[in-house]
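A quick write-up on the structure given underneath.
Protein chains in written order, with the working numbering: chain A, 1 to 196; chain B, 197 to 601.
The structure is reproduced here in structure tokens:
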């Protein structure tokens, strides 16, 4: 992707990210966050990571934020709009922000690959094909021959081959979370014949 | 800056723009308008009525004896009359609504539905050698490698339109409709997504064009009767037919979830008039109401397109090898060497299949009664979710024991 598009989408992401904390209406905040996610997805796509970009929209903008909106809609918005900002919390947030920025800056200055410009870091499917050799799965080899980046397939390969154990651990964690939610949300001493 | 302009492929941009304009404005929108007409005529047939059969070119206004009925079918201009009515009606905004979101909601329903058609392969290739274009042009706007995921992602944004319509109306029934609809769409997105995983495993691809090409060569997923998978061909393969079982389960789950995703009867609880007046669009009038209506139909067309692409061969012509043998013409797709007439026929085949699917949608709507909301949720979470998961494992097992080629 050429640089003007990067700046447009980066501006959308940041602007709506700022709107999330600046707006008083919770629904506006939630929707701004969704738009911010969409801008972020566009940035992923600009890095040839189509799968991550799509999943960003599908999971965060399409499912998680809808659930948030769902909850917010059930709240009393008028009361939320009258709330005064808690200045101590704002100061703490600014402090956290500064620390985080410093941390990110420290990491980025030590990140050698970040110094390459996009013209140097072109995709080289043919070389990747040669490097993978006979180990490449047929579908991946076909995509690389056609000059495309099989990002979804490569990610699947990495996740299920190299990080299979970690993936299962994450799955287990999610399962524990789900069971916990079911236990917590189930009413004890519910009235006789009451529905769940 | 010069390097930036040099990097832009003007020919590609122009072709894409032509494809977008033609597909959206010349095909999808008229198709939306005429599926409304089809729905009214078809429902009339089902209920033994006549339906809208009188709108034609209004010559009686100028003193002639009869209106002209195009093609002799009565009422073919009904969509235009409907559109005119919607535009001319008073656009009333109630005083108690949240104005910004009230205006935003109809757009958010319509736009995602149209955006998803970007990755839909509506034909194979168009060989425009006669017009001086050497490279054949692919009949798809964006040949993404994450086709179905992109469609799910964008169409999941359509929930916002309905939720916001319900909330911003600031009134009881629309709100209940919006809440119902969002929970319904989120629940069924899961079974919808899980139901196509077996299909993706069989194709080994996430690219919708490649899926269509595969089905053109190897027989449709749901109807593997020609190509290599035909029982009488040399490449006959037991595994391919064993896979038919999980594919059928997938297709059933996918189709039914699609009904829920598009808020169509029997799952139109979000706008169920016996309980919620008109659901989330109760407070809307005029063209804003029409946008909700059109968004629903556009989502239906795109959903049918996805079902056709995944399960029914996409643009592939039925019995193409047999037809080729009988006529001596080429009816199947060969990359880079597909004649123009075949390319055009592929486009026609695709839209014919989509139209068939839409008729099925309409048929179901006027045949089945509405579900209760708890039944709907139980069906989604307790039946389809588990069934789709088991189906994934079943497919994986079959693919391990009888690998495809």
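Every residue, glycine too, gets a C-beta built ideally from N, C-alpha and C.
Checklist entry - Name the DSSP beta bridge partners of residue 321 of chain B, please? => result Residue 321 of chain B pairs with B/334.
Item to check | Alpha-carbon to alpha-carbon, residue 327 of chain B and residue 493 of chain B | outcome: When rounded, the separation of the alpha-carbon atoms in residue 493 of chain B and residue 327 of chain B is 35 Å.
Next on the checklist: Measuring straight from C-alpha to C-alpha, what distance separates residue 262 of chain B and residue 307 of chain B?
Outcome noted: Taking the straight line joining both Cα atoms gives about 40 Å.
Next on the checklist: Counting only Cβ-Cβ distances shorter than 9 Å, please list the residues of the stretch 337 to 353 of chain B near chain A, keeping chain order.
Outcome noted: Cβ contacts with chain A come from 340, 341, 342, 345, 346, 348, 349, 350, 351, 352, 353.
Checklist entry - Can you tell me the Cα-Cα spacing of residue 343 of chain B and residue 518 of chain B, whole angstroms? => result Going by the C-alpha atoms only, they are around 30 Å apart.
Item to check | Ranges of the beta strand (DSSP E) found wholly within the stretch 250 to 279 of chain B, counting only runs of at least 3 | outcome: You should have found no qualifying run.
Checklist entry - Would you report the Cα separation of residue 340 of chain B and residue 315 of chain B, rounded to the nearest angstrom? => result Distance between the alpha carbons of residue 340 of chain B and residue 315 of chain B is about 6 Å.
Checklist entry - Since residue 400 of chain B meets chain A, which of its residues come closer than 7 Å, beta carbon to beta carbon? => result Chain A residues near residue 400 of chain B: 139.
Checklist entry - Which first and last residues belong to the alpha helix (DSSP H) in which residue 143 of chain A is found? => result Residues 138 to 145.
Next on the checklist: Please state the DSSP three-state secondary structure of residue 315 of chain B.
Outcome noted: In the three-state reduction of the DSSP assignment, residue 315 of chain B falls in the helix class.
Checklist entry - Counting contacts by CB-CB distance shorter than 8 Å, is residue 61 of chain A in contact with chain B? => result It does; some Cβ of chain B falls within 8 Å.
Item to check | Nearest residue (CA-CA) to residue 144 of chain A, options A/156, A/130, A/155, A/157 | outcome: Residue A/130 is the option with its Cα nearest to residue 144 of chain A.
Next on the checklist: What are the residues in the stretch 370 to 384 of chain B lying within 9 Å of chain A by C-beta distance?
Outcome noted: Those residues of the stretch 370 to 384 of chain B that come within reach of chain A (Cβ to Cβ, closer than 9 Å) are 371, 374, 375, 378, 379, 381, 382.
Item to check | Range covered by the alpha helix (DSSP H) that runs through residue 542 of chain B | outcome: Per DSSP, residue 542 of chain B belongs to the alpha helix (DSSP H) from 536 to 561.
Checklist entry - Are residue 486 of chain B and residue 475 of chain B touching if we call contact CB-CB under 8 Å? => result No, they are not a contact pair.
Next on the checklist: Less than 8 Å between C-beta atoms, sequence neighbours within five positions excluded: which residues of the same chain meet that for residue 581 of chain B?
Outcome noted: The beta carbon of residue 581 of chain B lies closer than 8 Å to those of 386, 387, 390 in the same chain, with the five residues before and after it left out.
Checklist entry - Using a C-beta cutoff of 8 Å, does residue 363 of chain B count as contacting chain A? => result True, the Cβ-Cβ gap to chain A drops below 8 Å.
Checklist entry - residue 315 of chain B touches chain A at which residues, Cβ-Cβ below 8 Å? => result Taking a Cβ-Cβ threshold of 8 Å, none of the residues of chain A is close to residue 315 of chain B; the smallest such distance is about 10 Å.
Checklist entry - How would you write the range of the alpha helix (DSSP H) that residue 156 of chain A sits in, first residue to last? => result According to the DSSP assignment, residue 156 of chain A belongs to the alpha helix (DSSP H) that extends over 151 to 157.
Checklist entry - Within the 8 Å Cβ cut-off, does residue 1 of chain A reach chain B? => result In this predicted model, residue 1 of chain A has a pLDDT of only 45, less than 50, meaning its place in the structure is not dependable; the value taken from the coordinates is given anyway. Closer than 8 Å: no.
Checklist entry - Can you tell me whether DSSP reads residue 181 of chain A as helix, strand or coil? => result Here residue 181 of chain A sits in helix by DSSP.
Checklist entry - In chain A, which residues lie less than 8 Å from residue 293 of chain B when you measure between Cβ atoms? => result Result: empty, since nearest Cβ-Cβ is about 13 Å, beyond 8 Å.
Checklist entry - How would you write the range of the alpha helix (DSSP H) that residue 476 of chain B sits in, first residue to last? => result In the DSSP annotation of this structure, residue 476 of chain B is not part of any alpha helix (DSSP H), being labelled neither H nor E.
Checklist entry - Of the residues that make up the stretch 18 to 33 of chain A, which ones have a beta carbon closer than 8 Å to any beta carbon in chain C? => result The chain inventory of the structure shown lacks chain C, comprising the protein chains A and B.
Item to check | Assigned secondary structure, residue 422 of chain B (DSSP; H/G/I helix, E/B strand, else coil) | outcome: Of the three classes helix, strand and coil, the one that applies to residue 422 of chain B here is coil, per DSSP.
Item to check | CB contact flag (residue 455 of chain B, residue 572 of chain B, <8 Å) | outcome: Between residue 455 of chain B and residue 572 of chain B, the CB-CB gap reaches or exceeds 8 Å.
Checklist entry - In or out: residue 3 of chain A buried (at least 16 other Cβ within 10 Å) or exposed? => result Exposed is the label assigned to residue 3 of chain A, since fewer than 16 other Cβ atoms lie within 10 Å of its Cβ.
Item to check | Sequence-distant residues of the same chain with beta carbon closer than 6 Å to residue 19 of chain A, five excluded per side | outcome: If the five residues before and after residue 19 of chain A are omitted, its C-beta is found closer than 6 Å to the C-beta atoms of 32, all from its own chain and listed in chain order.
Next on the checklist: Checking 8 Å against the spacing of the C-beta atoms, do residue 320 of chain B and residue 529 of chain B come in under that value?
Outcome noted: Going by beta carbons, residue 320 of chain B and residue 529 of chain B fall inside the 8 Å limit.
Checklist entry - Roughly how many angstroms lie between the CA atoms of residue 639 of chain B and residue 95 of chain A, to the nearest whole one? => result As shown, chain B starts at 197 and ends at 601. That puts residue 639 of chain B outside it, with no answer to give.
Checklist entry - Is there at least one Cβ from chain B nearer than 8 Å to residue 196 of chain A's Cβ? => result Note that residue 196 of chain A scores a pLDDT of 45, beneath 50, so its modelled location is shaky; the value from the coordinates is reported in the next line. Judged by the 8 Å Cβ criterion, residue 196 of chain A is not in contact with chain B.
Checklist entry - Quick one: what does DSSP say residue 131 of chain A is sitting in, helix, strand or coil? => result Residue 131 of chain A falls in the helix class under three-state DSSP.
Checklist entry - Taking only runs of the beta strand (DSSP E) that begin and end inside the stretch 77 to 124 of chain A, which ones reach a length of at least 3 residues, in chain order? => result Within the stretch 77 to 124 of chain A, no complete beta strand (DSSP E) run reaches 3 residues.
Item to check | 7 Å Cβ shell around residue 312 of chain B - same chain, five flanking residues per side excluded | outcome: Closer than 7 Å at the Cβ level, and outside the excluded window around residue 312 of chain B, lie 347, 350, 351, 498.
Next on the checklist: Distance check for residue 126 of chain A and residue 147 of chain A, CA to CA, integer angstroms please.
Outcome noted: The alpha-carbon separation between residue 147 of chain A and residue 126 of chain A amounts to approximately 7 Å.
Checklist entry - Quick one: Cα of residue 112 of chain A to Cα of residue 104 of chain A, how far? => result Distance from the CA of residue 112 of chain A to the CA of residue 104 of chain A, rounded to the nearest whole angstrom, comes to 14 Å.
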